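Okay, structure first, notes after.
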Amino acid sequence: MPNSWSRRGFVKATGGAAAAFGLTGTASATVLAGTAQAAPAEFEELRATWRGLILGSGFSPTAEPFAAKLAVLGTSAAAWRTGMRPVPGSLWPEMVWLDPEPDTDTASYTYSAQIQLTLQRLRSMAEAYAQPGTGLTGDTAFAQDVVSGIRHVVTDVYHAGQARYGNWYNWQIGGPQALLDAAVILLDHLDAELTATITTAVGAFVPDSAVASYTGTSTGANRVDLCRTIALSGLVGEDAHRLTVAAEALSPVFPYVTSGDGLYRDGSFVQHTWVPYAGSYGADLFTGLSLLFALLAGSLWEITDPARENYFDAVERAWAPFLYNGLCMDAVSGRAISRGLPPDDPSGANDDHLRGHSVIASILALGRAASSEQNARWRALAKGWIRRDRFSPPHTDPMLGVYKLAQLQNVVDDITVKPLPEPVEHRLFPSQDRAVHRRRDWAACLSMASDRIAHYEWGNGENLRGYHTGAGWLSWWGDDYGNEQYSETFWATVDPNRLPGITASRKRLADGEGGQWGAERPAVKWVGGTTDGTYAAVGQHLKGLSSTLEARKSWFFLDEGVVCLGAGITASDGEPVDTVVDNRRLGAAGTHALTVDGRRKPGTLGWTETLTDPGWAHIAGHGGYVFPEDGRVTALREERTGRWSDIRTGSSTRSFSDRYLTLYVEHGTDPVDSGYAYVLLPGAGVARTAARAASARGLLRTLVNTSRAQGVQVPSLGLTAVNFWAAGTAGGITVSAPCSVLIRHLGDGSAVVCVSDPTRTLTGLTVTWEHRVSAITARPGTVEEAAPGRNLKLTFGDLTAEAGATQKVTVRTA
Numbered sequence: 022m023p024n025s026w027s028r029r030g031f032v033k034a035t036g037g038a039a040a041a042f043g044l045t046g047t048a049s050a051t052v053l054a055g056t057a058q059a060a061p062a063e064f065e066e067l068r069a070t071w072r073g074l075i076l077g078s079g080f081s082p083t084a085e086p087f088a089a090k091l092a093v094l095g096t097s098a099a100a101w102r103t104g105m106r107p108v109p110g111s112l113w114p115e116m117v118w119l120d121p122e123p124d125t126d127t128a129s130y131t132y133s134a135q136i137q138l139t140l141q142r143l144r145s146m147a148e149a150y151a152q153p154g155t156g157l158t159g160d161t162a163f164a165q166d167v168v169s170g171i172r173h174v175v176t177d178v179y180h181a182g183q184a185r186y187g188n189w190y191n192w193q194i195g196g197p198q199a200l201l202d203a204a205v206i207l208l209d210h211l212d213a214e215l216t217a218t219i220t221t222a223v224g225a226f227v228p229d230s231a232v233a234s235y236t237g238t239s240t241g242a243n244r245v246d247l248c249r250t251i252a253l254s255g256l257v258g259e260d261a262h263r264l265t266v267a268a269e270a271l272s273p274v275f276p277y278v279t280s281g282d283g284l285y286r287d288g289s290f291v292q293h294t295w296v297p298y299a300g301s302y303g304a305d306l307f308t309g310l311s312l313l314f315a316l317l318a319g320s321l322w323e324i325t326d327p328a329r330e331n332y333f334d335a336v337e338r339a340w341a342p343f344l345y346n347g348l349c350m351d352a353v354s355g356r357a358i359s360r361g362l363p364p365d366d367p368s369g370a371n372d373d374h375l376r377g378h379s380v381i382a383s384i385l386a387l388g389r390a391a392s393s394e395q396n397a398r399w400r401a402l403a404k405g406w407i408r409r410d411r412f413s414p415p416h417t418d419p420m421l422g423v424y425k426l427a428q429l430q431n432v433v434d435d436i437t438v439k440p441l442p443e444p445v446e447h448r449l450f451p452s453q454d455r456a457v458h459r460r461r462d463w464a465a466c467l468s469m470a471s472d473r474i475a476h477y478e479w480g481n482g483e484n485l486r487g488y489h490t491g492a493g494w495l496s497w498w499g500d501d502y503g504n505e506q507y508s509e510t511f512w513a514t515v516d517p518n519r520l521p522g523i524t525a526s527r528k529r530l531a532d533g534e535g536g537q538w539g540a541e542r543p544a545v546k547w548v549g550g551t552t553d554g555t556y557a558a559v560g561q562h563l564k565g566l567s568s569t570l571e572a573r574k575s576w577f578f579l580d581e582g583v584v585c586l587g588a589g590i591t592a593s594d595g596e597p598v599d600t601v602v603d604n605r606r607l608g609a610a611g612t613h614a615l616t617v618d619g620r621r622k623p624g625t626l627g628w629t630e631t632l633t634d635p636g637w638a639h640i641a642g643h644g645g646y647v648f649p650e651d652g653r654v655t656a657l658r659e660e661r662t663g664r665w666s667d668i669r670t671g672s673s674t675r676s677f678s679d680r681y682l683t684l685y686v687e688h689g690t691d692p693v694d695s696g697y698a699y700v701l702l703p704g705a706g707v708a709r710t711a712a713r714a715a716s717a718r719g720l721l722r723t724l725v726n727t728s729r730a731q732g733v734q735v736p737s738l739g740l741t742a743v744n745f746w747a748a749g750t751a752g753g754i755t756v757s758a759p760c761s762v763l764i765r766h767l768g769d770g771s772a773v774v775c776v777s778d779p780t781r782t783l784t785g786l787t788v789t790w791e792h793r794v795s796a797i798t799a800r801p802g803t804v805e806e807a808a809p810g811r812n813l814k815l816t817f818g819d820l821t822a823e824a825g826a827t828q829k830v831t832v833r834t835a
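The sequence shown stops at residue 835 when you use the working numbering, and every number in between is there.
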């Protein structure tokens, strides 16, 4: 392996590699700009940078939470050292990687996972050697024992010539990244033969060809991880070619996509083709990019592709909207929601707060490669998230590595950083069927499915009962209450058929119903809506998973709450159908009072009652619910017991219990054209809930709630919003085809008319508003004709390329 290159030789070799692997575009030129040579000192400098990135800096090892964390790391590492029993097939008896029948059953996945877990343990031991305050710091004998463990793994199983079995990820990403981290940390203790064995093994399992085409498992977050593996092998083996391949292979990640994996212009992030994944794969991608940008900055391989700016922009467009008070919303975390917490699931170690903390740390890390203005703003956002996470303070997170904790603590300690408050906004993500509504004191997230986005994802035995998470699941949190609602043991104990907001048949579904990796998607196109950035009308043509259920559901997002309408609810499965108004987790001992129309209901577990024509209901410590129309609502207070192994194969079988208070509308068995209407008021007290119910008809008018259109009018906001499932008229608005319309008077003599085509199929659309308009002051290019006068007539051209995005027209009213 060459240690130095002439400029001409380096350019020729790396340019040829780029052509051979199909890596063309701006990256090849930008990576090589200014290259003179790749000398040993360059690699050593990069290795020192990497050690600083993964070990952290600027923290006091004697201060908390670092002192305790480092002490635990040292204790664990010492125990692992004592427990080493190297034999063919394992290094520790509890981690067996020998698969007697490769690729014959799911057991092979377990065996390959043990290889990764073994290497991750060795990586943690290497960190214990390098970090201060572990009791093993600089212990040469200990380092040699870790090296012996590494030697055993790369001799026995992770070596060139070994046939891969089980999960590809363990061989190409999880395992080798841990191995290479350990090698970088302990490089002074590795002899030349072992170093060559490691790099040869990684090269065999992750050859240059792994990133030759942007397809399959080499896209999005996976591509970034593969580039990280290749780059680290270049660091360990002082291989300039591998670093060049890694740097250039990142370029296909950066451009916006219009389908499949990647980042969309509307801020959506999709992985596995059909799954919104900003909170899991997206978090990994952010972590990987932040590390690689920082590693290669100022080097011969600096990433300067202009398209990388898309990911800097995405911090506030794609990731920040799903972060609330330190947590990352589950609706964009795919099958990761089924991973439990230690000690029951040490391999998963996951809930919404833990995921959120990791994303925040990655954003801070990415800031090192961003502009000073971006970095300053992101630090202010992060400080706000950290301060508001009273349930699980991020900078004391026991699951974060020291280097991420150090980034969070740095922001906490920096008195020059002023925390930014929660924004008041609505963000609609048509390309991933998600919507986020934020106010200063609450936030909500809506999760849907269409022919573009899966009902849910399960795979590798994970998320076996997530099948209704795309059926209109409406999750919400308050600023200082309910932040643990979907944390801890929620997913292990909740009734999967009664997620908040969904309409679902009680038909029993099998674990993993519908196929792996988001294979099952409903055959519907009208999913999405329109927003002016403050308020929104969102709708879902719902078709149930493995069910005949069909419905039209709409949500109108306002200041105090969300108006929820349902119509056309029809099924013929021979099973009852319910719409879940809400399902609040009360904790293991929760006794939160339920008040209905001023009367407090029993707090007895197992209590249930059908409420006839309730005007309103209130759950203490959570919020209120207004029912503007007559109907029946069932209330249920119960204690539920579950295990992580119920929803994730191989997880803990220990039982957990949580108490729940559920409100739901029963549509009966095989309903025909049933419906519902209610208003969710997050954080409202009893008095405000009662007052809103008493004045509901004056403050809020339901214009229409049928299978042809659903709409509301809010006079106090000057707002009219209608989801048209077919051509028609409602609220003074007439449309020529299915669409979503929101009109808002701004109080200064102007109004904004927002229109979208959620189906993405309209080549023409006419919208007429029965209101006098004197002038058009702004309109998008999709408007072919705008005629003011006694009414406003807007003629839109082809909307198919707009991908469901809102078309906003501003007018001057008479």
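Cβ coordinates follow ideal geometry from the N, Cα and C atoms, glycine included.
Being a predicted model, the structure only gives us computed values, none of them experimental.
Query: Measuring straight from C-alpha to C-alpha, what distance separates lysine 814 and alanine 544?; Result: 32 angstroms
Query: Look at the Cβ atom of valine 438, then the Cβ atom of alanine 464, and state whether they are nearer than 7 angstroms.; Result: no
Query: How far does the beta strand (DSSP E) with tryptophan 399 in it extend, from its first residue to its last?; Result: Counting along the chain, tryptophan 399 falls outside any beta strand (DSSP E), though it belongs to the alpha helix (DSSP H) covering 393-409.
Query: Which of the three DSSP states is assigned to arginine 722 in this structure?; Result: strand
Query: Taking tyrosine 697 as the reference, give the member of Lys574, Cys775, Ala799 with the closest Cα.; Result: Lys574
Query: Do you know whose CA, among Trp322, Ala99, Cys775, lies nearest histidine 262's CA?; Result: Trp322
Query: Within 10 angstroms of the Cβ of valine 762, are there 16 or more other Cβ atoms? Answer buried if so, exposed if not.; Result: buried
Query: In chain order, what are the residue ranges of uninterrupted alpha helix (DSSP H) at least 4 long that sit wholly in the region 161-193?; Result: 161-177
Query: CB-CB under 6 angstroms to methionine 350, same chain, minus the five flanking residues each way: which ones, in chain order?; Result: Phe343, Cys466
Query: Between leucine 566 and threonine 176, what straight-line distance do the alpha-carbon atoms span, to the nearest angstrom?; Result: 48 angstroms
Query: Taking the Cβ atom as the reference point for each residue, do glutamate 571 and arginine 527 lie within a distance shorter than 7 angstroms?; Result: no
Query: Note down the Cα distance separating glycine 608 from aspartate 679, rounded to an integer number of angstroms.; Result: 5 angstroms
Query: Under three-state DSSP, which class holds glycine 281?; Result: coil
Query: Go through its chain and collect everything with a Cβ distance to alanine 751's Cβ below 8 angstroms, but skip five positions before and after it.; Result: Leu724, Val725, Ala730, Gly732, Val743, Phe745
Query: Using CA atoms only, rank isn't needed, just tell me which of Phe64, Leu738, Met146 is closest to alanine 100.; Result: Met146
Query: Buried or exposed, going by whether 16 or more other CB atoms sit within 10 Å of the CB of leucine 563?; Result: buried
Query: Put glutamine 453 into one of helix, strand or coil per three-state DSSP.; Result: helix
Query: Would you identify the three-state DSSP class for alanine 772, choosing helix, strand or coil?; Result: strand
Query: Counting Cβ pairs closer than 8 angstroms, one from the region 186-200 and one from the region 242-250, do we hit at least three?; Result: yes
Query: Using 10 angstroms around the beta-carbon of valine 93, count the other beta-carbons present and answer buried if the total reaches 16, otherwise exposed.; Result: exposed
Query: Under the three-state reduction of DSSP, which class applies to phenylalanine 87: helix, strand or coil?; Result: helix
Query: Mind checking glutamate 259: buried by the 16 CB within 10 Å criterion, or exposed?; Result: buried
Query: Are three or more beta carbon pairs between the region 154-165 and the region 75-94 nearer than 8 angstroms?; Result: yes
Query: Do you know offhand how far alanine 69's Cα is from leucine 207's?; Result: 12 angstroms
Query: Please tell me whether aspartate 553 and arginine 833 are closer than 7 angstroms, where the distance is taken between their beta carbons.; Result: no
Query: Given a threshold of 16 other Cβ atoms within 10 Å of its Cβ, counted over all protein chains shown, does glycine 37 qualify as buried or as exposed?; Result: Unreliable positioning characterises glycine 37 in this predicted model, as indicated by a pLDDT of 37, which lies under 50. The coordinate reading is nonetheless provided below. Exposed.
Query: Roughly how far, in whole angstroms, is the beta-carbon of glycine 281 from the beta-carbon of serine 354, given that I think they are within contact range, below 8 angstroms?; Result: Actually they are not in contact, since the Cβ atoms of glycine 281 and serine 354 sit about 19 angstroms apart, beyond 8 angstroms.
Query: What number of angstroms, rounded off, separates the C-alpha of tyrosine 646 from the C-alpha of serine 234?; Result: 52 angstroms
Query: With a cut-off of 8 angstroms on the beta carbons, I'd call glycine 487 and serine 359 a contact; round off their distance for me.; Result: 7 angstroms
Query: Which residue from Pro415, Ser393, Phe450, Glu660 puts its Cα closest to that of arginine 376?; Result: Pro415
Query: Looking at the structure shown, is glycine 487 part of a helix, part of a strand, or coil, going by DSSP?; Result: coil
Query: Can the beta-carbon of glycine 589 be found closer than 7 angstroms to that of aspartate 694?; Result: yes
Query: Give every residue of the same chain whose Cβ lies closer than 8 angstroms to the Cβ of asparagine 396, excluding the five residues on either side of it in the sequence, and list them in chain order.; Result: Gly388, Arg389
Query: Under the criterion of a Cβ to heavy atom distance below 6 angstroms, does aspartate 472 qualify as lining the ligand COA?; Result: The ligand content of the structure shown is nil, which means the ligand COA is not present either.
Query: Could you pull out every residue in the same chain whose Cβ sits closer than 8 angstroms to the Cβ of threonine 216, ignoring the five residues on either side in sequence?; Result: Ala204, Leu208, Val257, Gly258
Query: Counting only the same chain and skipping the five closest in sequence on each side, list residues whose C-beta sits under 6 angstroms from that of glycine 283.; Result: Gly241
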